Ligand SMILES: *[C@@H]1O[C@H](CO)[C@@H](O)[C@H](O)[C@H]1NC(C)=O
């Protein structure tokens, strides 16, 4: 015991450096190892720090000693699968696949909620919060290694209150504690493991831990809880105080000296800031663009649609022939082509995998997230509209067909994701990453022969998609040996060239159909069938945009069905509030968050533009007003929109949403929505005597354009915006003179002359 506390005291020396306002971070301070044992490094602030940017609003060199934490040791994953359940805990009643996946652990899990908190209080125990999501590979590894372990279960059940959270169901809870983990450890990811006091103040944590490591940590935390309680509680207080303080000091919104500036001066200052931010963002992307393969950076590659949206809007707002505008489009098209040809693209079934583990887009991490395919659908559509390049339209169709075929619920909503792992047909049924998607040469030959393709055609097919004897995956790209002997299909001839060669089109199409049929005989990866309002909103947007551009009514109809599903099943008309999540036809109790509102409003505006059905616009207006009531940051709450609910007492401190990761931030999407709404609802500028002061704090009472203007001003003054918020910069394309004119006239605000509510615009959408 003595020994242990000694060692523990040493570890207290592990201090955490948070970045000071305007402190420049050298990229070498944060060397990020990409193959960290947690999912989704894209969402971590870390990737951005690597891009050498300044962060302005984090905290001072604060010390959050991490009780018992140091570098996690590695260990090999994978273990046996469960037979009939020996244990069943209360997660079995939850409406989340991820939570249900843990219902038969020996760990006595609790869902997030008052019952668990009061148990922790009564028993005077710390909470062990574990956050992940259903298609997260390392979450499953940790489950098998640790949460199926009797030793761990005993430690957790005897000394902690263990709580499981599905981050897709509760991104608010996730964002609160992820902000702590990122600040404290310099990185983030899932599974996330955080220790909290019974009143939910975090005091230590990390991401993935191996079983022995977790056991040691549990003992140390338990020890600290009993012998160093004051220190632990002080730490929790300090964390909460730090994050609250950070927000209280956040930028107010208006440009300094705003009150004494004329409208024209303000506008020209905003334009100046905007052009600086766009230039910085452009240079940063141009500087990291991969000329040969598309995409940005030299290691793993994520589709980050917000970057493409920014470049597309930069192109759209540039004069024809402008070097920067042309280059922007070139980078977008180069990236979209690279992804279309690469293994990140499911050449057999359509849709996109999560990210590529190499710069060639060849070997992906195989999970398929709805938000990726949904957003890319819109990117490919816009790029096709600008270039007329047939390959881009081809991808649009393949992606939309995938969503309609594999991801649509019979009720009209869209499922969230497909897992990376599934039973391997060759390895006696053990689950392997990518098993559903990869092929041995023999399997391909067999399928093509079965479809009546002659040897010459088979050879051509294999040449086109790089199917080779022994597999096409380099050992270095296959660290766990799961892809040995397998081929990840990727085009050797650009899709555009293939499409120009009728013989190749014929071979590719017949081969694809044969493989699709053969694949249907394999066990499918688990599909996470929860329907999120947010991601369904993005899908409505993608399908409406694609359907409108390609004149494909089936896509628009699918978008309408999804909107109808959300309206009738996930929306409380009386209160005007969205629910976040439905699972197999049942609503979860979680209320809609800012991204649910923002993405759905975007979807409805796209649907309105595709159908001219005013009901969608009416609903979008109502949702926007509700979103602003609930989530628009007020003074002292940071900038942009909150990613948590103000009313939710379980939230330890507020966190706002301004970072565009794989999913855009609610704030960025809302800025674009507000500008569009302002134009679509034609808020007419009117003169008036009682102009309200422009710095009045309740931005929610201003008309749409003014709310957008305020958000834009706040964002443009934050030096990290060009790196963090390309989606917001994309929205600035809409920030034109017409919109500004409406925004600048403050008279109409006082008299409520701007559009609010449904009057005059028809009724909510009906379904026919
Ligand atoms: C983009 O980067 C390339 C290569 O670094 C450079 O030659 C080019 O001038 C840049 N383009 C623009 C428009 O700045």
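Numbering (mature numbering (1 follows the signal peptide of the UniProt record, and there is no 0)), first residue to last: -27 to -1, 1 to 741.
The beta carbon of each residue, even a glycine, is placed where N, CA and C say it ideally should be.
What you are looking at is a predicted structure, and each value in this text was computed from that prediction instead of being measured.
{"Item": "Could you say which of 183, 162, 178 and 163 lies nearest to residue 169 if we only look at CA atoms?", "Value": "178"}
{"Item": "Would you mind working out which of 536, 504, 525 and 551 sits nearest residue 514, comparing C-alpha positions?", "Value": "536"}
{"Item": "Please identify the residue among 97, 115, 557 and 341 whose C-alpha is closest to the C-alpha of residue 385.", "Value": "557"}
{"Item": "Note down, one range per segment and in chain order, each alpha helix (DSSP H) of at least 4 residues found wholly within the region 397 to 465.", "Value": "414 to 423 and 428 to 438"}
{"Item": "Use the C-beta contact count for residue 544: other C-beta atoms within 10 angstroms, 16 or more gives buried, fewer gives exposed.", "Value": "buried"}
{"Item": "Would you tell me roughly how many angstroms separate the C-alpha atoms of residue 509 and residue 573, rounded to the nearest one?", "Value": "7 Å"}
{"Item": "So what does residue 560 bridge to, in DSSP terms?", "Value": "555"}
{"Item": "Mark residue 88 as exposed unless 16 or more other C-beta atoms lie within 10 angstroms of its C-beta, in which case mark it buried.", "Value": "exposed"}
{"Item": "Just to confirm before moving on: does the CB-CB distance between residue 336 and residue 446 stay below 7 Å?", "Value": "yes"}
{"Item": "Checking 7 Å against the spacing of the C-beta atoms, do residue 462 and residue 481 come in under that value?", "Value": "no"}
{"Item": "Expressed to the nearest angstrom, what Euclidean distance is found between the alpha-carbon atoms of residue 122 and residue 338?", "Value": "27 Å"}
{"Item": "Just verifying my parser: in three-state terms, what is the DSSP assignment at residue 619?", "Value": "coil"}
{"Item": "Whole angstroms are fine: how far does the CA of residue 387 sit from the CA of residue 373?", "Value": "12 Å"}
{"Item": "My output table needs one value for residue 104: the three-state DSSP class, helix, strand or coil.", "Value": "strand"}
{"Item": "Could you have a look at residue 692 and say whether DSSP puts it in helix, strand or coil?", "Value": "coil"}
{"Item": "Who are the near neighbours of residue 478 in its chain, counting only those whose CB is closer than 8 Å to its CB and skipping five residues on each side?", "Value": "471 and 472"}
{"Item": "Between residue 268 and residue 325, what straight-line distance do the alpha-carbon atoms span, to the nearest angstrom?", "Value": "15 Å"}
{"Item": "At 3 residues or longer, what runs of the beta strand (DSSP E) sit wholly inside the region 537 to 613?", "Value": "554 to 556"}
{"Item": "Please list, in chain order, all residues of the same chain as residue 264 whose beta carbon is under 8 Å from its beta carbon, the five residues on each side excluded.", "Value": "307"}
{"Item": "For a test of your reading of the model: does the CB of residue 292 fall under 6 Å from any non-hydrogen atom of ligand 1? Yes or no.", "Value": "no"}
{"Item": "Hey, could you find the ends of the beta strand (DSSP E) residue 390 is sitting in?", "Value": "388 to 391"}
{"Item": "Is any heavy atom of ligand 1 found at a distance shorter than 6 Å from the C-beta of residue 535?", "Value": "no"}
{"Item": "Residue 296: beta carbon under 6 Å from a heavy atom of ligand 1?", "Value": "yes"}
{"Item": "Assign residue 553 to one of two classes, buried (16 or more other C-beta atoms within 10 Å of its C-beta) or exposed (fewer than that).", "Value": "buried"}
{"Item": "Helix, strand or coil for residue 142, going by three-state DSSP, please let me know.", "Value": "coil"}
{"Item": "Using the DSSP secondary-structure output, state which residues sit across from residue 169 in a beta bridge.", "Value": "100 and 175"}
{"Item": "Alpha carbon to alpha carbon, what distance is there between residue 72 and residue 135?", "Value": "13 Å"}
{"Item": "Can you round the beta-carbon distance between residue 608 and residue 647 to whole angstroms, since I take them to be within the 8 Å contact cut?", "Value": "Rounded, the Cβ-Cβ distance is 19 Å, inconsistent with contact."}
{"Item": "Using the Cα positions of residue 623 and residue 538, report the straight-line distance between them to the nearest angstrom.", "Value": "29 Å"}
{"Item": "Identify the continuous alpha helix (DSSP H) that holds residue 505 and give its terminal residues.", "Value": "Careful: residue 505 lies outside any alpha helix (DSSP H), inside the beta strand (DSSP E) at 500 to 505."}
{"Item": "What is the rounded straight-line gap between the Cα of residue 91 and the Cα of residue 132?", "Value": "15 Å"}
{"Item": "For residue 381, which beta-bridge partners are listed by DSSP?", "Value": "387"}
{"Item": "Indicate whether the contact test is met: 3 or more Cβ pairs, each with one atom in the region 146 to 153 and one in the region 620 to 640, closer than 8 Å.", "Value": "yes"}
{"Item": "Going straight from the alpha carbon of residue 171 to that of residue 275, what length do you get?", "Value": "37 Å"}
{"Item": "Please say whether residue 487 and residue 424 have beta carbons closer to each other than 7 Å?", "Value": "yes"}
{"Item": "Rounded to a whole number of angstroms, what is the C-alpha to C-alpha distance between residue 422 and residue 634?", "Value": "43 Å"}
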